[in-house]
Amino acid sequence: MAYTIKDGCISCDSCRPQCPTGAIKPQAKWEGYWIDPTLCDDCQDLETPLCLNACNIGSLSPLVPKKGRRKSTLLPAAIADIFLSGKTTPFASSMVIWEACNVLAQRQHLPWQIDADGKFCYHRPVHRGRGEVRLRLATSPERDIPIAMPADEAMEVMAQFDIRATCLHLIFAAYAITLNSPWEEAFVINDQHIEQYLDLNKRKDLSKLDKLTLIKHLVYQVCQLLVALDWPRQGKVKAFSFDEQPIWHLVNTEYYFEKDHQGGRHLIGLSFTIRPGIWAKHFLNKQDYRNQTAFYQYGTLPKSLLTEVMSNWQQHEGAVRLLLWLLFKLRLGGDHRLTVRTLLRIAYGEDRLIEATTVRGAHKRLLKTFESDLETIYYYGLKPLFDPETYPADIQPLWAKVIDIPNDVDDALEFWVNDANQSRSLTDTAPRDKWQRLINARLAGFELSEEWQQTVRRRAPKRRRKQSQTTQLGSLSGDVIKAARQRQNLTQRALAKHLGKSQSWVRDVEKGRFRISTEDYPRLQQTLGLK
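Right under this line is the structure:
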């Protein structure tokens, strides 16, 4: 239970030095002190709070929680400033934002180093080592001049970071897009905005104070990240560098209180004034981008990603890390091959990967977790495409094989008959060398949902002949493809084998869920005799 300071405080300053969490703060506009309930922990290890013993006039008292639901009239209704379409919003997606997201998501699993100053530092080379991004942690985001945290303290703080802070980081990156000169301007976001974006307004198990405390901690974690950069010349953009600064400057934190009949002050709202760092002048500069002397790098942020992080950050943390990494990786193009070793390192860290390859039996636990996280990503909307050469069916997860079972009874019967006649059946156990083959396997990419298709960078327009072919593809319906397949006496599974695809891909194409690419069209045309 948090404490409050009622009227009558004489500012004797006997209680403030005793508070171990720094929750007692002086009033800015009048004499006296106030207690930040997001920091007060009631001195849980002691019978009596230290501040209560130090106060001689009895101004301190427990803050009795409000009963029932009340809607305060002191705060205006929050109107969402991003996700105006309800599904996606543009956001800044430069290397600085990407690496900061990696730090917040992977935390101590990254290769941190102790630099020459004795500080905890994460180095990320860019452009084949010609440049570098360096990130450290600030002792406090409220300081005007940030100071990097000592190595020992930084290691402990980093281990306690909450992966949900990545959601606030991405939301800040979306707000930065709305500013004309982000490195000079600031935006204001309050707790009601954040509750809407993260669906915290649906959490009935948390009190208002619990939500405000969580929101403040997440915002402060994001604002603790410091970045320094050395960037090489790239095209017409000259080489540049800047000294260590916060990625997000916490300009001000506003607290909104409401008094009850007993004089207790209840925290009812928070608002944060945030200004993007100097990185925005180089990577989010509309004016200089037109002159080709700076960058303006942005992507598309699906709101469903924030919901997925808030829903599965505990049960499937590995899947959440992969999704956050793929948000930036897929922006570079959807046809990148991804090695399973890389995905394992991102999801679980290099130490756990080494443990799985050196400690007997550890690989079984990691393998089970990885396949479960891949399934979570699939049901979220990103379908893994297994490379047929390095990731064949005999080492694929069981769920990936089960989804190919047709819904139709006759087709399902044929599926199981064919499965029984194959050298390896669906129900056979995995080969003994599955782990060794898996860490050398690759994914050909992902089939993306509609929201995620917008995250992929659009390529330059192709030749007119290719464009006319794409137009022809758009008029080819799934019913026509299904009829042509049946005329050829081909099952969905047989057609998929001819095309080098999965049966679920054929099924989704026939149902109109996926559009055929120009690369797949000639093979489909030849196999089905389409003109």
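Residue numbering for the sequence shown follows UniProt numbering, starting at 1 and increasing by one per position. No residue lacks a Cβ here, since even glycine has one placed at the ideal position from N, Cα and C.
Using the C-alpha atoms, what's the distance from residue j back to residue i?
i    : j    : result
R115 : L366 : Note that residue 115 corresponds to Asp in the displayed sequence, not to Arg. For D115 and L366, the distance between alpha carbons rounds to 32 Å.
Y289 : F295 : 5 Å
L443 : L338 : 5 Å
I516 : R143 : 54 Å
K211 : R164 : 13 Å
K259 : V64  : 11 Å
S477 : T88  : 28 Å
N440 : E389 : 11 Å
I79  : F187 : 14 Å
N421 : D428 : 13 Å
P392 : F386 : 7 Å
R341 : F514 : 29 Å
E156 : H169 : 21 Å
Y175 : E350 : 33 Å
E244 : P111 : 19 Å
T471 : Y521 : With a pLDDT of 43 at T471, under the threshold of 50, the modelled position of that residue is not reliable, and the figure given next carries that caveat. Their backbone Cα atoms lie some 12 Å apart in a straight line.
P461 : T518 : Only weak support is given to the placement of P461: the predicted model assigns it a pLDDT of 44, under 50, and the value that follows is read from those uncertain coordinates. Their Cα atoms are separated by approximately 13 Å.
Got a sec, what are the start and stop residues for the beta strand (DSSP E) residue i sits in?
i           : result
H261        : It is not in any beta strand (DSSP E) - H261 carries neither H nor E in the DSSP assignment.
F91         : 88-92
E308        : E308 -> not in any beta strand (DSSP E); alpha helix (DSSP H) instead, spanning 303-312.
G131        : 131-137
C121        : 120-126
Y33         : 33-35
N190        : 187-190
G269        : 265-276
Y3          : 3-5
D230        : 225-231
residue 548 : With the chain covering only 1 through 531, there is no way to say anything about residue 548.
Span of the alpha helix (DSSP H) holding residue i?
i    : result
E447 : Not the alpha helix (DSSP H): E447 falls in the beta strand (DSSP E), residues 442-447.
Q526 : 521-528
C12  : Per DSSP, C12 belongs to no alpha helix (DSSP H) and is neither H nor E.
C101 : 95-106
Q453 : 450-453
D373 : 362-380
G318 : 317-329
V480 : 478-487
E153 : 151-159
L398 : 398-402
Leaving aside the five residues before and after residue i along the sequence, list all residues of the same chain whose C-beta is less than 7 Å from its C-beta, in chain order.
i           : result
A319        : N312, D373, T376, I377
W435        : H363, L367
Q503        : D404, Q492, R493, A496
F257        : R265, H266, L267, I268
residue 533 : Residue 533 lies beyond the stretch modelled for the chain, which goes from 1 to 531, so this question has no answer here.
C51         : Y3, C15, Q18, C19, I24, L60
Which residue from the options puts its Cα closest to that of residue i?
i           : options                : result
A105        : M155, D162, R130       : D162
F172        : H498, F91, L63, A420   : F91
F283        : Y256, P246, D260, V237 : V237
A280        : C55, K87, V96          : V96
S271        : H217, E132, I278, N440 : H217
residue 534 : Q315, I247, T293       : The structure shown does not extend to residue 534, since the chain is modelled only from 1 to 531, so the question has no answer here.
C167        : R130, D205, A100       : A100
T213        : C40, Y521, E510        : C40
L426        : W34, D433, F415        : F415
T38         : T21, N53, L306         : T21
Here's a check: name, in chain order, each residue in its chain whose Cβ is nearer than 8 Å to the Cβ of residue i, leaving out the five neighbours to either side.
i    : result
R345 : L353
G118 : P150, A151
G381 : S304, L448, S449, E451, W452
What does the Cβ neighbour count give for residue i, buried or exposed, with the cut at 16 atoms within 10 Å?
i    : result
K383 : buried
Y197 : buried
N285 : buried
K202 : exposed
D191 : buried
A412 : exposed
V227 : buried
K501 : buried
S59  : buried
E254 : exposed
L398 : exposed
Q44  : exposed
R128 : exposed
H261 : exposed
L327 : buried
Please work out which residues of its chain come closer than 6 Å, Cβ to Cβ, to residue i, disregarding the five sequence neighbours upstream and downstream, and give them in chain order.
i    : result
D13  : none
A154 : F120, L137
Q108 : M158, A159
I145 : none
R459 : Here the model assigns R459 a pLDDT of 47, short of 50, so the residue's position is not dependable, and the following value carries that caveat. For R459, where only same-chain residues beyond five positions count, there are no Cβ hits under 6 Å.
P141 : Y220, C223, Q224, L250
R124 : E99, V133
Run the proximity test for residue i: is its beta-carbon closer than 7 Å to any non-hydrogen atom belonging to the ligand NAD?
i    : result
G235 : Absence of the ligand NAD from the depicted structure is noted, as is the absence of any ligand whatsoever, leaving it without description.
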